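Asks:
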Amino acid sequence: SGAVQTVNPLVGVLVTLICGLIGSLLVTLIYCFLTITLKTNQNVTGLALTTFGVGISNFIGSLINSKMGGTGIAAFPEIGKAYRAPLPFADKLGWFGDIFFSYGFLAYLAIAIAIIAALVLSRTRVGLNLRAVGENPATADAAGINVSRYRYVATCIGSGISGLGGLTFIM
Numbered sequence: 004s005g006a007v008q009t010v011n012p013l014v015g016v017l018v019t020l021i022c023g024l025i026g027s028l029l030v031t032l033i034y035c036f037l038t039i040t041l042k043t044n045q046n047v048t049g050l051a052l053t054t055f056g057v058g059i060s061n062f063i064g065s066l067i068n069s070k071m072g073g074t075g076i077a078a079f080p081e082i083g084k085a086y087r088a089p090l091p092f093a094d095k096l097g098w099f100g101d102i103f104f105s106y107g108f109l110a111y112l113a114i115a116i117a118i119i120a121a122l123v124l125s126r127t128r129v130g131l132n133l134r135a136v137g138e139n140p141a142t143a144d145a146a147g148i149n150v151s152r153y154r155y156v157a158t159c160i161g162s163g164i165s166g167l168g169g170l171t172f173i174m
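Right, here's the structure in full:
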């Protein structure tokens, strides 16, 4: 019972991605409710939720570790290797592959997210409405834009991206 169990890297990556996204979304919904709906101070709310997040993650981590007989954290290096694995065809491209394709998949996901975000913000009606909500919410509201909904959705999307960044840092 003291043996370390091996984890399928694909399952480990999927579970950590889903848990990271769900965790960041849940905390963001609390943040959105407090700051958008109840209009509390964003800095104080963010600091309180950060402190809460550190405490709850330590609690859950120690709970998992104790339930697995002290070997719960042993699976993370194996999953971390899956996150850092280069693209499969990088070796076949020589120095070009070493420079451009030797990073983990989240590096390329980050580039794709940045390009998509830039295109959405600059070339779509949703992007125009979102910029209007950020620059002048009263005018956006007068134009018929649901300011609260845009703020909730934008904050949740940003939080999901931040959750991926935190997961990348940890793994």
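Under the numbering used here, the first residue of the sequence shown carries the number 4, and numbering increases by one thereafter.
Idealized CB from N, CA, C, for every residue including glycine.
Here the structure is a predicted model, which means the values were calculated and not measured.
My output table needs one value for N46: the three-state DSSP class, helix, strand or coil.
Replies: Taking the sequence shown and counting its residues from 1, one reaches residue 46 at position 43. If DSSP states are grouped into helix, strand and coil, N46 belongs with the helices.
Asks: Taking the alpha-carbon of L2 as reference, which of L109, V30, F79 and I82 has the nearest alpha-carbon?
Replies: Residue 2 cannot be examined here, being either before or after the span of the chain that is shown, 4 to 174.
Asks: Does the Cβ of R128 have 16 or more other Cβ atoms within 10 Å, making it buried, or fewer, making it exposed?
Replies: For the purposes of this step, residue 128 is identified with residue 125 of the sequence shown, where counting begins at 1. Under this definition R128 is an exposed residue.
Asks: Just to confirm the assignment: which complete alpha helix (DSSP H) runs, minimum length 4, are found wholly within the segment 47-116?
Replies: 78-87 and 97-103, all fully within the segment 47-116.
Asks: Buried or exposed: where does G15 fall if 16 or more other Cβ atoms within 10 Å of its Cβ makes it buried?
Replies: Against the sequence shown, residue 15 aligns to sequence position 12. Buried: at least 16 other Cβ atoms inside 10 Å.
Asks: Answer yes or no: do E81 and P12 have a C-beta to C-beta separation smaller than 8 Å?
Replies: Mapped onto the sequence shown, residue 81 falls at position 78. Mapped onto the sequence shown, residue 12 falls at position 9. In this structure, P12 lies closer than 8 Å to E81 by Cβ.
Asks: Nearest-angstrom Cα distance between T31 and T40?
Replies: Position 28 of the sequence shown, counted from the first residue, corresponds to residue 31. Position 37 of the sequence shown, counted from the first residue, corresponds to residue 40. Each residue's alpha carbon lies about 13 Å from the other.
Asks: Can you give the Cα-Cα distance for K95 and S105, rounded to whole angstroms?
Replies: By one-based count along the sequence shown, residue 95 stands at place 92. By one-based count along the sequence shown, residue 105 stands at place 102. Cα to Cα, the separation comes out at about 11 Å.
Asks: What residue from D144, Y86, I160 and M71 has the CA that sits closest to L170's CA?
Replies: As a first step, residue 170 must be located in the sequence shown, where it is residue number 167. When only C-alpha atoms are compared, the closest one is Y86.
Asks: Determine, using beta carbons only, whether A93 and G107 come nearer to each other than 8 Å.
Replies: Taking the sequence shown and counting its residues from 1, the one referred to as residue 93 is at position 90. Taking the sequence shown and counting its residues from 1, the one referred to as residue 107 is at position 104. Going by C-beta atoms, A93 is not nearer than 8 Å to G107.
Asks: Between K84 and the rest of its own chain, which residues show a CB-CB distance below 8 Å, the 5 nearest in sequence each way excluded?
Replies: For the purposes of this step, residue 84 is taken as residue 81 along the sequence shown, with counting starting at 1. Excluding sequence neighbours, K84 sits near P12.
Asks: Restricting to Cα atoms, I'd like to know which of G56, G97 and N149 is closest to I33.
Replies: Position 30 of the sequence shown, counted from the first residue, corresponds to residue 33. The shortest C-alpha separation from I33 is found at G56.
Asks: In three-state terms, what does DSSP make of N11?
Replies: Taking the sequence shown and counting its residues from 1, one reaches residue 11 at position 8. Reduced to three states, the DSSP call for N11 is coil.
Asks: Is the CB-CB distance between G163 and L24 below 8 Å?
Replies: Counted from its first residue, the sequence shown places residue 163 at position 160. Counted from its first residue, the sequence shown places residue 24 at position 21. Closer than 8 Å, so yes.
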